[in-house]
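Data first, discussion second: the structure below is written as C-alpha cells.
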Amino acid sequence: MAYAENAKVRNALFKRRLEQEENKENIRHVRWLQEQKATKREQEAVRRHELFMTLVQQGKQPQEIKEFLCIAGLEAQTRECLYS
C-alpha cells in the first residue's frame, strides 16, 4: 500500500517538474520570438535608412522617395502608404 502511495506521489512530482520545464521552454520560445522580431525591425530600419540616403544622394524629390519606399514595402506601417 505504501509503495503505491509513493509511486503516486513520485508521479505527481515528475508531472509537476515536466509542466515546469514545459513552461520554461514556452517562455524561452516567446523570448526568442520577441528577439527575432526586434532584430527584424532593426534590420528593416537600417535598410530603410540606407535606401533613403541612396535616394537622397541621387537627388530624388521627397514625393519620389515616399513613393519608392511605399513600393519597396518599407513604409507599409504609415497611413499614407496604406490609403494612397
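Using the numbering used here, the letters of the sequence shown correspond one by one to residues 657 to 740.
Note that CB positions come from ideal geometry on N, CA and C, so glycine has one too.
**OP:** Scan the segment 665-740 and note each continuous alpha helix (DSSP H) run of 4 residues or more that stays entirely inside, going in chain order.
**Re:** Within the segment 665-740, the complete alpha helix (DSSP H) runs of at least 4 residues are 718-727, 735-739.
Original post:
Excluding sequence positions up to five away, which residues of its chain have a Cβ less than 7 Å from the Cβ of L711?
Top reply: When the five nearest sequence neighbours on each side are left out, the beta carbons in the same chain lying within less than 7 Å of the beta carbon of L711 are those of I721, F724, in order along the chain.
**OP:** Give me the Cα-Cα distance between R672 and E698, rounded to the nearest whole angstrom.
**Re:** Just so you know, the alpha carbons of R672 and E698 end up roughly 39 Å apart.
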